[in-house]
Ligand SMILES: [Zn+2]
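Residue numbers (this note's numbering): 2 to 87.
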């Protein structure tokens, strides 16, 4: 269990990865994105998975904290992919 560590002035650089730097899409959040949230409005499902395509207008990148705190409208289902790191 990890709490929300204050990340003031502390930035982790992942220059060795091939991924472009992706940050959480939540307003005011600059943490590194670890998941992509995709809304399926037809089926009222929110799917959480590994970082996906950057140009999908229905996809939102989320950091670990906002992934954990994800809330969806009433009646919606959240699908979490098993491949997510914990
Ligand atoms: Zn966030």
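Glycine included, each C-beta is placed from N, C-alpha and C at the ideal position.
Nothing here was measured: the structure is a model prediction, and the numbers come from that model.
So the alpha helix (DSSP H) residue 67 belongs to, where does it begin and stop?
65-69
Is it the case that the CB of residue 81 approaches a heavy atom of ligand 1 more closely than 8 Å?
no
Excluding the 5 residues flanking residue 34 on each side, which residues of the same chain have their C-beta closer than 8 Å to its C-beta?
23, 24, 25, 26, 52, 62, 63 and 64
Cβ shell of residue 78 (< 6 Å), same chain only, five flanking positions each side left out
46
Candidates 68, 36, 29 and 66: which alpha carbon is nearest residue 54's?
36
Residue 67: CB within 8 Å of a non-hydrogen atom of ligand 1
yes
Name the residue from 41, 66 and 44 whose alpha carbon lies nearest to the alpha carbon of residue 30.
66
As a quick exercise: from 80, 42 and 32, pick the residue whose alpha carbon is nearest that of residue 58.
42
Chain-order list of residues whose beta-carbon lies under 7 Å from that of residue 17 (same chain, five-residue window excluded)
Only weak support exists for where residue 17 lies, its pLDDT of 47 falling under 50; the value from the coordinates is given anyway. If we look at residue 17 and ignore the five residues flanking it on each side, it has no Cβ neighbours.
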